[in-house]
Amino acid sequence: MVRLPLVVYGQTAGKVLLTLDTSFPPTGPPAKFEYVTSESLADSKYDYSLDNLPFASYGAIPVTYWPEDYPNGTYSMLGGNFQAMTVTQDEPELEVDLSAIFE
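In this note's numbering, the protein residues as written are 136 to 238.
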């Protein structure tokens, strides 16, 4: 399990996308993903866990902003964790603190 406490700063319309990628830069679909909307925030915070992950190495957890109308595939990288992470039988839980700033 990877626990992802996310703090969001600023105001926006649209969604924030959290992805757990097996490599960075990504070379295929994410291992897991989650959309975060302003309605899912409590005091500008969002706490999420990625459960039932296979024991493996993961390359990054990017945080991107997707506007409501998503014009021509335009999105913005807001931050993330870009260091390798490993979920093993001996260490089945990780916590990664993330923040995103909307400007």
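Every residue, glycine too, gets a C-beta built ideally from N, C-alpha and C.
| message | I need the DSSP call for SER175, collapsed to helix, strand or coil. | response | helix
| field | Inter-residue spacing [alpha-carbon to alpha-carbon] between SER179 and GLU203 | value | 19 Å
| task | Quick one: residues in its chain with C-beta nearer than 6 Å to the C-beta of THR154, no 5 flanking neighbours on either side, listed in chain order? | result | PRO165, PHE168, PRO197
| request: Would you kindly report the start and end of the unbroken beta strand (DSSP E) that includes ASP232? | output: Careful: ASP232 lies outside any beta strand (DSSP E) and carries neither H nor E.
| said: Between TYR210, TRP201, GLY163, ASP182, which has its C-alpha nearest GLU230's C-alpha? | reply: ASP182
| Enclosing beta strand (DSSP E) for SER184 [first to last residue] | 180–185
| request: Taking SER192 as part of the beta strand (DSSP E), name the residues at either end of that continuous run. | output: 191–193
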